[in-house]
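Protein chains: 2
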Amino acid sequence: MGITDRKEREKEELKETILKAAKTLFLEKGVEKTSMRNIADRIEYSPGIIYHYFKDKNEIFHALHQEGFKALGEKMEILSVIRDPLERLKVMGKIYVKFAMENPDMYDLMFIKEAPLCHVFDSEKEEWIEGGGAFNSLRMTIEESLAQGYFPGHESESLAYMVWSVVHGLVSLHIRKRCEVIDLTRRENIVDEGLDAFFKLLG
Amino acid sequence: MGITDRKEREKEELKETILKAAKTLFLEKGVEKTSMRNIADRIEYSPGIIYHYFKDKNEIFHALHQEGFKALGEKMEILSVIRDPLERLKVMGKIYVKFAMENPDMYDLMFIKEAPLCHVFDSEKEEWIEGGGAFNSLRMTIEESLAQGYFPGHESESLAYMVWSVVHGLVSLHIRKRCEVIDLTRRENIVDEGLDAFFKLLG
DNA sequence: TAGAATATTAAACAGTGTTTAATTAATTTT
DNA sequence: AAAATTAATTAAACACTGTTTAATATTCTA
Chain E
1 MGITDRKERE KEELKETILK AAKTLFLEKG VEKTSMRNIA DRIEYSPGII YHYFKDKNEI
61 FHALHQEGFK ALGEKMEILS VIRDPLERLK VMGKIYVKFA MENPDMYDLM FIKEAPLCHV
121 FDSEKEEWIE GGGAFNSLRM TIEESLAQGY FPGHESESLA YMVWSVVHGL VSLHIRKRCE
181 VIDLTRRENI VDEGLDAFFK LLG
Chain Z
1001 MGITDRKERE KEELKETILK AAKTLFLEKG VEKTSMRNIA DRIEYSPGII YHYFKDKNEI
1061 FHALHQEGFK ALGEKMEILS VIRDPLERLK VMGKIYVKFA MENPDMYDLM FIKEAPLCHV
1121 FDSEKEEWIE GGGAFNSLRM TIEESLAQGY FPGHESESLA YMVWSVVHGL VSLHIRKRCE
1181 VIDLTRRENI VDEGLDAFFK LLG
């Protein structure tokens, strides 16, 4: 046996090839401006073949979406060695912002683009799996901070959402080119400086 | 005379009609999913006519974009009666968030959507006119706050960008449906609660 | 009323995502 | 090994998209 396994593997291979080509093009020219024919051209197959491996364009998008979360999750792994929850929260923010600035198109894919496709699989549960996990670890860090006396008078859920909003706001305004209100001389550092200002506020 | 004026007015009228139809459709089904033929159908004209009044689809988008900033600007007018700059900053945030939540599609148009069209007119200056004015009044309020001793150790530009990021983050995560990580029971109020948490942090 | 200018349209172009039926290639069965 | 079956792949079509063109209808001017 193993024959059907090999067949399976070979099928996976073309699927990987499609995904890789799609990723390159998506991050190069954007999702909307990448056509199925573009992807097909790049892998030197006919457009139709893509539909044997993916239901539609959205499913390709979704696959890359998950890839992005895996990559971000891996970068977050080092957090486990940081004992102080406030310190951990800050490093978390730094990593998040760094990821977004280094992979703006992937970040766009993950957090900015319209997302009628996240609950493709569990549409009944009304939940967003990848994001839910990431948000949970943020909330837990904040709960730990509260337990240690940081942020008196605050409450974890709203605080967590607010913290996430700060980092998301910082990077998404930049990615979607709303930073042009800032002096050219300061524009390239404004995201990091904004993050520092927030940390200063946190204490 | 006045004849050419009337002609001018009549021309403006159809332009207004197109704009109104486009606005309805854009806010109803989104910009991308509204076609020129959709707009033409709605006003009972042929698609081609639109190109006699607008260069292309982007120019329609841009016109609505400006409309949105005018509306937001008007809502901000009451700020002038608030003396205390910190209080003014908070009300500013409240108005901003309220506007975004009441006009999510317009907000999307103004602050989230890809914007290769903002510097359509002054591409050389690399500036974003409408946004620049709004950001300036935010920065001035913060400068006033700094002068009165609020936010010691902070600096206006980065602080202003951070404050803007908070409100933008709060509403844009909600508009782009990333709030599904939040408990359903709290989801509808999380934006306001996040804003309150930020104000609490400001002092 | 004839001629010029303008407003409006129908038709076409090149592109899109997706589906279909036909074709080629590989595998299994006889 | 040859025939039958199954899977992989394609070419062609469908109904759309934004935009341009040349032709038509309308209005204004002289």
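One line per chain: the protein sequences are E and Z, in this order. Using the working numbering, the first residue of the first sequence is number 1, and each one after it goes up by one. Using the working numbering, the first residue of the second sequence is number 1001, and each one after it goes up by one. Glycine included, every Cβ here is placed at the ideal spot set by N, Cα and C. These figures come from a predicted structure and were not determined experimentally.
- Here the stretch 79-97 of chain E lies against the stretch 131-151 of chain E, with 3 or more beta-carbon pairs under 8 angstroms apart.
- For E/Val181, the nearest CB of chain Z lies under 8 angstroms from its own CB, placing it at the interface with that chain.
- For E/Ala197, the closest Cβ of chain Z is nearer than 8 angstroms.
- The shortest CA-to-CA distance from E/Glu180 to any of Z/Ile1129, Z/Ile1182, Z/Ser1158 is the one to Z/Ile1129.
- Per the coordinates, the alpha-carbon of E/Ala197 lies some 7 angstroms from the alpha-carbon of Z/Ser1158.
- For Z/Asp1108, there is no enclosing alpha helix (DSSP H), as DSSP marks it with neither H nor E.
- The C-beta of E/Ser46 has fewer than 16 other C-beta atoms within 10 Å across all chains shown, which makes the residue exposed.
- Exposure of Z/Ile1078 is indicated by the presence of fewer than 16 other C-beta atoms within 10 angstroms of its C-beta.
- Membership of Z/Gln1066 in the alpha helix (DSSP H) is indicated by the continuous run 1057-1075.
- E/Val191 and Z/Met1092 have their C-alpha atoms some 22 angstroms from each other.
- Scanning Z/Ser1137, Z/Ile1060, Z/Leu1173 for the CA closest to the CA of Z/Ser1156 turns up Z/Ser1137.
- Between E/Leu89 and E/Ser145, the C-beta gap is smaller than 8 angstroms, which places the two residues in contact.
- At least one C-beta of chain Z is nearer than 8 angstroms to the C-beta of E/Ile112.
- Against chain Z, the beta carbon of E/Leu159 has neighbours under 7 angstroms at Ala1197, listed in chain order.
- Per the C-alpha coordinates, the member of E/Ile43, E/Lys29, E/Ala40 positioned closest to Z/Glu1114 is E/Lys29.
- For the 8 angstroms CB-CB criterion, Z/Leu1027 and Z/Met1106 form a contact.
- In the three-state reduction of the DSSP assignment, Z/Pro1152 falls in the coil class.
- If you look at Z/Ser1137, you'll find it in the alpha helix (DSSP H) that goes 1129-1147.
- Taking a Cβ-Cβ threshold of 7 angstroms, the residues of chain Z close to E/Ile190 are Ser1158, Tyr1161, in chain order.
- The beta carbon of Z/Gln1148 lies closer than 7 angstroms to those of Pro1085 in the same chain, with the five residues before and after it left out.
- Here the C-alpha atom of Z/Lys1075 lies approximately 20 angstroms from the C-alpha atom of Z/Ser1165.
- Residue-level contact check: E/His62 does not touch chain Z, since none of the beta carbons of chain Z fall below 8 angstroms from its beta carbon.
- At a cut-off of 8 angstroms, the C-beta of E/Leu173 has a neighbouring C-beta in chain Z.
- Comparing alpha carbon positions, the residue from Z/Ala1021, Z/Glu1188, Z/Ser1080, Z/Ile1095 closest to Z/Leu1064 is Z/Ala1021.
- At a cut-off of 8 angstroms between beta-carbon atoms, Z/His1065 makes no contact with chain E.
- E/Phe69 places its beta carbon 8 angstroms or farther from that of E/Val31.
- In summary, the residues of the stretch 1016-1048 of chain Z whose CB is separated from some CB of chain E by less than 9 angstroms are Gly1030, Glu1032, in the order they occur in the chain.
- By the CB criterion at 8 angstroms, E/His168 and Z/Gly1073 fall outside the cutoff.
- The beta-carbon of E/Gly153 is placed less than 8 angstroms from the nearest beta-carbon of chain Z.
- Membership of Z/Ile1043 in the alpha helix (DSSP H) is indicated by the continuous run 1036-1043.
- Counted as a single uninterrupted DSSP element, the alpha helix (DSSP H) harbouring Z/Glu1102 occupies residues 1085-1102.
- With its beta carbon less than 8 angstroms from one in chain E, Z/Gly1132 belongs to the interface.
- Counting C-beta atoms within 10 angstroms of its own C-beta, Z/Thr1034 has 16 or more neighbours from the protein chains shown and is therefore classed as buried.
- Under a 10 Å Cβ-count criterion, Z/Gly1203 is classified as exposed, with fewer than 16 other Cβ atoms of the shown protein chains found around its own Cβ.
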